[in-house]
Amino acid sequence: MRRIWIIILLVSAVKAIGQAPTAGDLVAIHNVSTTEMNNILNPTEGSFVYNTTTRSIHYYSNSAWVEVPNVANSYVGAFQITGLGNSTITGVPFEPSSVTFSAYANVENYNINSDNAVGNNNRGIANAFGSMNGFARNDGGSIAEQVIYVGGSGNSINDISRYASNSHSIGLRYSDQNGNNLGVTSATVLRFNSNGFTLNTDSFADGIVVIFQAFR
């Protein structure tokens, strides 16, 4: 009889372990807003809270609350620069801490399958080519930037065109066959937003499509 009871108890325990937990069985942590979280006095190292503002878990480490991301850590997208002024890029599922950019001269639209459309050996902007890479990064509230560009002309290449700036994250220097400057399209990141970032195009020579990768 004793053996039977032992078997019954074992079977019951295995059955209980195999059942899905109910809401009351779950481990809960404190729910707080970002304001409430930042106002907690002297939190213990390693403490956890659920932030209802960001809808994610935060833990306290090295005198700061660190978010445990609940979405992707990077996001890839594209946008157009079509003139001077500010542009706000949205649709990023988090507030970026940094963004990288790439663009090519005379790629102004999302869909192109064409030559320069102005004729062979043209010496103007429409026959310039080149590529750029740049970045913007949040450094404790200030934004660090850098961009580099190298290009030439489809007319001929007697000289190259170079451009670099540590106060811009986007910049293309269009040139003729001798590397002479025909115009610059450049932009800076003004701020990072909760779902993207805001740019200012401070120089415009021609439109471009910019591919970007944002990092959480």
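Numbering (mature numbering (1 follows the signal peptide of the UniProt record, and there is no 0)), first residue to last: -23 to -1, 1 to 193.
Cβ coordinates follow ideal geometry from the N, Cα and C atoms, glycine included.
- In this structure, I102 lies near L159, with their beta-carbon atoms less than 8 Å apart.
- The criterion of a C-beta distance shorter than 8 Å is satisfied by T165 and H145.
- The C-beta of D92 has fewer than 16 other C-beta atoms within 10 Å across all chains shown, which makes the residue exposed.
- In the displayed model, G107 falls within a strand according to three-state DSSP.
- Per the DSSP secondary-structure output, A141 pairs in a beta bridge with I125.
- Just measuring C-alpha positions, the residue of R114, Q190, E85 sitting nearest T162 is E85.
- Beta bridge pairing from DSSP links T162 with L149.
- Under a 10 Å Cβ-count criterion, I125 is classified as exposed, with fewer than 16 other Cβ atoms of the shown protein chains found around its own Cβ.
- Beta bridge pairing from DSSP links Q190 with V53, T77.
- Per DSSP, E13 is one residue of the alpha helix (DSSP H) stretching across 11 to 15.
- Bridge partners of E44 according to DSSP: H35.
- Beta-bridge partners of T178 (DSSP): G62, A164.
- Residue burial annotation: R168 is exposed, with fewer than 16 other C-beta atoms found within 10 angstroms of its C-beta.
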